[in-house]
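Numbering (my numbering), first residue to last: 49 to 83. Here is the structure we will look at.
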Amino acid sequence: MVTGLESGETYRFRVRAVNSVGNSKQSKVAQASAP
49 MVTGLESGET YRFRVRAVNS VGNSKQSKVA QASAP
């Protein structure tokens with residue numbers, strides 16, 4: 049969960065997994081707006 053986002057702003061995120069096997073590639077950019 050991401051906290052501290054400002055209302056009405058648009059944010060872009062990328063994620064990747066990290067585990068004992070290594071790191072995954074980054075995801076495509078996901079865009080979301082805070083209500």
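Note that the Cβ used here is the ideal one computed from N, Cα and C, for glycine as well.
Look at the alpha carbon of residue i and the alpha carbon of residue j, and state the distance between them as a whole number of angstroms.
i          : j          : result
residue 60 : residue 81 : 9 Å
residue 67 : residue 73 : 12 Å
residue 54 : residue 75 : 24 Å
residue 51 : residue 69 : 29 Å
residue 83 : residue 62 : 20 Å
residue 77 : residue 49 : 17 Å
Quick one: give me the first and last residue of the beta strand (DSSP E) that residue i is part of.
i          : result
residue 79 : 78 to 81
residue 51 : Unbroken run through residue 51: none, as it is neither H nor E.
For residue i, I'd like the list of residues in its chain whose CB is within less than 6 Å of its CB, leaving aside the five on either flank, ordered along the chain.
i          : result
residue 65 : 72
residue 79 : 60
Report all residues from its chain with a CB closer than 8 Å to the CB of residue i; omit the five preceding and five following residues, and keep chain order.
i          : result
residue 57 : 81, 82
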